[in-house]
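Residue numbers (this note's numbering), protein chains in the order written: chain W, 13 to 349; chain L, 13 to 349; chain D, 13 to 349; chain V, 13 to 349.
The structure under discussion appears below in the form of structure tokens.
4 protein chains.
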Amino acid sequence: MINVGIIGGSGYTGGELLRLLLRHSNVQVEIVTSERYAGKRISLTHPNLRDVTDLRFSSRKDLGNYDLLFICTPHGVSMKNMPEYLERSKRVIDLSGDFRLRNPQDYIDWYNTEHSNPELLQEAVYGIPELHREEIRNARLVTGAGCLATATILALYPLRNVIESVVVDAKIGSAAAGNKPSLAGHHAERRGVVRPFKATMHRHTAEMEQELGVRVDFSAHAIEMVRGISSTCHVFLKENLTERDIWGLFREQYGNEPFIRIVKDRQGVYRYPEPKILTGSNYCDIGFERDRGNRLVVFSAIDNLMKGAAGQAVQCMNIMFGFPETLGLEAIGFHPI
Amino acid sequence: MINVGIIGGSGYTGGELLRLLLRHSNVQVEIVTSERYAGKRISLTHPNLRDVTDLRFSSRKDLGNYDLLFICTPHGVSMKNMPEYLERSKRVIDLSGDFRLRNPQDYIDWYNTEHSNPELLQEAVYGIPELHREEIRNARLVTGAGCLATATILALYPLRNVIESVVVDAKIGSAAAGNKPSLAGHHAERRGVVRPFKATMHRHTAEMEQELGVRVDFSAHAIEMVRGISSTCHVFLKENLTERDIWGLFREQYGNEPFIRIVKDRQGVYRYPEPKILTGSNYCDIGFERDRGNRLVVFSAIDNLMKGAAGQAVQCMNIMFGFPETLGLEAIGFHPI
Amino acid sequence: MINVGIIGGSGYTGGELLRLLLRHSNVQVEIVTSERYAGKRISLTHPNLRDVTDLRFSSRKDLGNYDLLFICTPHGVSMKNMPEYLERSKRVIDLSGDFRLRNPQDYIDWYNTEHSNPELLQEAVYGIPELHREEIRNARLVTGAGCLATATILALYPLRNVIESVVVDAKIGSAAAGNKPSLAGHHAERRGVVRPFKATMHRHTAEMEQELGVRVDFSAHAIEMVRGISSTCHVFLKENLTERDIWGLFREQYGNEPFIRIVKDRQGVYRYPEPKILTGSNYCDIGFERDRGNRLVVFSAIDNLMKGAAGQAVQCMNIMFGFPETLGLEAIGFHPI
Amino acid sequence: MINVGIIGGSGYTGGELLRLLLRHSNVQVEIVTSERYAGKRISLTHPNLRDVTDLRFSSRKDLGNYDLLFICTPHGVSMKNMPEYLERSKRVIDLSGDFRLRNPQDYIDWYNTEHSNPELLQEAVYGIPELHREEIRNARLVTGAGCLATATILALYPLRNVIESVVVDAKIGSAAAGNKPSLAGHHAERRGVVRPFKATMHRHTAEMEQELGVRVDFSAHAIEMVRGISSTCHVFLKENLTERDIWGLFREQYGNEPFIRIVKDRQGVYRYPEPKILTGSNYCDIGFERDRGNRLVVFSAIDNLMKGAAGQAVQCMNIMFGFPETLGLEAIGFHPI
């Protein structure tokens, strides 16, 4: 049993973490901070937790000492506060983007910010277990991966040595934009759109290129979903690989991974990865289809609040503390939904 | 050709009015005011009007003189400014709620406000042409009807003398809440809800009771739509009327109405009124089904921005200026959509 | 550990049962039958179960003996086959409508069918634990309750002695219609509708009246959801009860119920029951608002595949076999979703 | 005034054509055929046309002689029947895919069919007016363009000489799949998907390559919309062109086109093309964003039943008969919707 805290827990990622941790057999949630809602019941912003917990939001001033802190603050906050968090807690998982990139220059290029604690960038471990399981096990500071980055990196990682070039066209739901009201997110404006919201220079591109070692031509579109990411990767191969070869590469990489499924069916309605049926699950489903010439289309799908944020963070926690990796992450996904 | 202005034209009702008036053969739009967007292009808030008009928003300070002013300001504004509008313009159509009720006490009871120009309440004509066509023809001040009130009143008006009691359960889309961002209207929160947002004491109830002369037990639910209202009226009849009798009452009342259709089919998917296929049309579709005992269920459907707001206002304008009543309102609705 | 089978498991209710039972610590699923898909992998119709189970559909011919059979066949099937099921299995939970009504005449009146095993109607226990927990504990044959009936009965049961009359206006998602393709359920036709699909004489009305002992004037509308039911009950009270009195009646009835929550908040976006945030949970959320005169509006919300079908069936199973009542039903619901 | 007929008019394209033609000042619709619905009222399958027309479906046996026939039959039908249609009617617009490709071999490669009237392929004019206006004017046989092809070709045509390679990732609504019920199109299965339905070798690719003269690496995804196509074209340029250069190419090509709008705003929510606000309009909105290196992202959006089918067919008709090109196509699109 470990005791944990959540910093900045009033947003969607904080709520999803709470949903998971409150049902996790080895975790005691001690504190959830929100400067705005301090003193209010958790269920005010997380109505699904009504009657499930008596917790109230606290202020950061009330922080004690913990085995683990999860950081869910907006970009730019943990960059400054991380030294304090590391004093308060033996280990930290930061779900923001502040420690994802190893090269301080990348923060200038992609975030337009000079990093305030660049020395910690080298220590931080990029929190995709399928790539960095052993480093995560012993890390003091693990950084969550971007949701779009997670879906895309997992789709391409087994192919990284055979990619000549790749165009990634991702589709994403509204939950990824957080819970701050805006005209862009207003229901009458947002419903049913196909909105190119970051057609070029999306920040998650930097993580993808860091982890894959190849240039990624990336565009994202907001579409009609709340949860969910679907990433379509148009790969141009260096070599003339068959579908069977591709199967081999994925099987070799992910054969024993509990949260990766290769989806490629000849029958039924769901022949390829589909975020719709992953709601609440920690799976990343991956599929592919070989085209003319040297083109290969790879699809991946995740629930962005689970494998793209809170679920993957809990997976990291399980590894860090020696719990079974799937503990508290057994949910299957729904059909229909 | 008349020259018109729109006061408070940056919202959804103002945008819909513009869409109609810019294509109306007998109207010249001279000015559209918005204090917030004065100087900006119309298409900034009404992107569907891109390249359709060169108009920019003006300030109320720039008002000249017009044949007709449409008022689209929030509740409480035109109540105070109406005397000025009536100086500026020969005639006025106010789409806000400020002049819908004839009894000043009703503003205290339902709006919690003392009316600032109660003497004008008697002059104002309630703008549902199917009830008040002749008064509208000669009115100086016409007031738009509430969207929920329009759908409900039109469903019940032919039955008003045979109603013993009536429960109305209405469903409404997000456009009705306007374009001001809020957490309640945030896409991730609003999508897919069935939210009782005014289960009792909805302000439109006052209009319904004023026009129908019967008590209306009314509740509204926000559901997953942008445009559209569906009003289900559970009527308990004074007399044992057959479906045939009901047909007779509706035909007698609405036989020649261009925008009322009685919908009651035995085949096909759309046997009853359906807001989905009324998008952009000015129809109010009405249907009914007789139950056990003295119960009759009446359904009505409208596009709330059309027959529930801008479309009905243009219908009133056509009547006021002697144009054909359907001019500029010929749109049919879409299928599928 | 009990061994169970599912008859007619290729539909949405069968899939949801499987999702729950495959993760239930005290259950071994031995067989799932589908005459149409016999021999095929379960994941062909339940894609969320991909890689979760190796089960394939079997034919009814392959049935062995079980501790419990769940019946998920369409109306009219189990009516005939129940004697065989009761030979094969010590106990049976029938999720179809075939054994819900105690009076054989009701099948003629509401289902237009003469019941083929009327003697079993008396033995069958209506499967809402909040009403019949003790009878369920010892029953051989438990019948699932209709989804609309569950939501409505739970909303009204504590009030049954103070109801003078009640109009119920329910909203329901597309999953309730099952997975058989039809034009009415075709996405381009079904999306965004507010479709009165059973405005009068809905079959579930018979269950409501049986369990509540009052006449229920019921209408249902298909709206834009997949899962979920929201039932709005417009109650006219015999006595002039305050909101506090109403609270008292609900607390007295449901004070210790693990799956009933009274929802009535003054703050936040989710002040009343909302099916959206109940996805995957077994809760029935209930709220109310007192109006003028003797009117009380009561709202209830459920996930129709959970508390309205598979979840409630598992709850009944837990009671029947002496397991903790909430076992396998701990899921909280999601936000946002 | 011309008299026209529609062959195969019970589908979504036929319904949309009727909606336009019934309000077109220069057209008299004489006949609409449907073998399945012959004798039934038009509004049975096109409920939006209720009370708008008295037309009933006819059989093909009842065909007379017309100035123009629109063909809306499924693939493979008009290929055989075209000689008869050309006897019956002075001119023909075929909205199916049967005459879109000039090279008979392409029908074998992409449609897996030997063409039954290959001599007519040379005569047929590909019906995108922005590319073939003069040929359309005098054509006897015009063929509609595929909806995905229209959106993509219009986005890329001005760039055709500077494209080194291009990946196109298109998103499409459910109306494009027609009105035949299937499990894939069943609401509970189809809602909210991001479904790669033709990741490689989509038939419309052949049209794109024919008209553009460059290889197109194309994938399509079914997403949550009814109407609408959004096509994202990831272009790799031969030369290092600036955004200003790109503007120039588009302006030069489309400067006077009534139905093409270049959308690239720095403010507001709709900075790029958005199908949502094009419902019912014949516009193709196009935008673009320049990336690192030689990458350019081009977006286009249409209403697939309008500019992607019926609207573009009416545009062609207007050209063929010397009517103003925008006649009957003045609709603006809606906001919000």
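Yeah, the Cβ is synthetic: ideal placement off N, Cα and C, and Gly gets one too.
Just so you know, these numbers come straight off a predicted model, no measurement behind them.
Going along chain D in order, which residues have a C-beta closer than 7 Å to the C-beta of residue i?
i                      : result
residue 187 of chain V : 200
Residue i versus chain L: which residues are under 8 Å apart at the beta carbon?
i                      : result
residue 237 of chain D : 204, 206, 236
residue 221 of chain D : Here the premise fails: no neighbours, minimum Cβ distance about 11 Å.
With the cut-off set at 8 Å, would you say residue i and residue j are in Cβ contact?
i                      : j                      : result
residue 321 of chain V : residue 156 of chain V : yes
residue 308 of chain L : residue 297 of chain L : no
residue 248 of chain D : residue 176 of chain D : yes
residue 79 of chain L  : residue 137 of chain L : no
residue 232 of chain D : residue 182 of chain D : yes
residue 205 of chain D : residue 348 of chain W : no
residue 197 of chain D : residue 158 of chain D : no
residue 284 of chain L : residue 267 of chain L : no
residue 194 of chain L : residue 59 of chain W  : no
residue 105 of chain V : residue 139 of chain V : yes
Please report the straight-line C-alpha distance between residue i and residue j, rounded to a whole angstrom.
i                      : j                      : result
residue 46 of chain L  : residue 22 of chain L  : 6 Å
residue 166 of chain L : residue 112 of chain L : 16 Å
residue 327 of chain W : residue 220 of chain W : 20 Å
residue 170 of chain L : residue 163 of chain W : 58 Å
residue 56 of chain L  : residue 269 of chain L : 37 Å
residue 161 of chain W : residue 186 of chain V : 29 Å
residue 243 of chain L : residue 179 of chain L : 10 Å
residue 34 of chain D  : residue 65 of chain D  : 8 Å
residue 174 of chain L : residue 262 of chain L : 12 Å
residue 25 of chain W  : residue 345 of chain D : 15 Å
For a contact meaning CB atoms closer than 8 Å, what does residue i contact in chain V?
i                      : result
residue 197 of chain D : 193, 198, 199, 200
residue 212 of chain W : 301, 302, 303, 304, 307, 309
residue 275 of chain L : 62
Comparing alpha-carbon positions, which option in the options lies nearest residue i?
i                      : options                    : result
residue 251 of chain D : D:306, D:198, D:222        : D:306
residue 203 of chain D : D:234, D:141, D:226, D:310 : D:234
residue 339 of chain V : V:100, V:32, V:26, V:15    : V:32
residue 152 of chain D : D:331, D:68, D:40, D:274   : D:331
residue 71 of chain L  : L:63, L:335, L:43, L:89    : L:43
residue 273 of chain L : L:295, L:82, L:254, L:102  : L:295
residue 88 of chain W  : W:73, W:59, W:124          : W:124
residue 329 of chain V : V:39, V:75, V:49, V:213    : V:39
residue 14 of chain W  : W:114, W:101, W:92         : W:101
If you count every other CB in all the chains shown that lies within 10 Å of the CB of residue i, and 16 or more means buried, which is it?
i                      : result
residue 51 of chain D  : exposed
residue 287 of chain V : buried
residue 85 of chain D  : buried
residue 255 of chain W : exposed
residue 240 of chain L : buried
residue 20 of chain D  : buried
residue 142 of chain W : buried
residue 191 of chain D : buried
For residue i, return the contacting residues in chain L, with the cut-off set at a CB-CB distance below 7 Å.
i                     : result
residue 24 of chain V : 348
Mind pulling the chain W residues with CB within less than 7 Å of residue i?
i                     : result
residue 59 of chain D : 280, 282, 289, 347
What does residue i reach in chain W if we use C-beta pairs closer than 8 Å?
i                      : result
residue 344 of chain D : 31, 34, 35, 60, 61, 64
Chain V partners of residue i, CB-CB under 9 Å?
i                      : result
residue 244 of chain W : 181, 206, 208, 211, 231, 233
residue 247 of chain L : Those do not exist, as residue 247 of chain L stays about 24 Å from chain V at its closest Cβ, beyond 9 Å.
Following a CB-centred definition, is residue i positioned closer than 7 Å to any heavy atom of the ligand GTP?
i                      : result
residue 340 of chain V : Ligands are entirely absent from the displayed structure, and the ligand GTP is therefore not among its contents.
Closer than 7 Å by beta-carbon distance: list the chain V residues that pair up with residue i, in chain order.
i                     : result
residue 27 of chain L : 347
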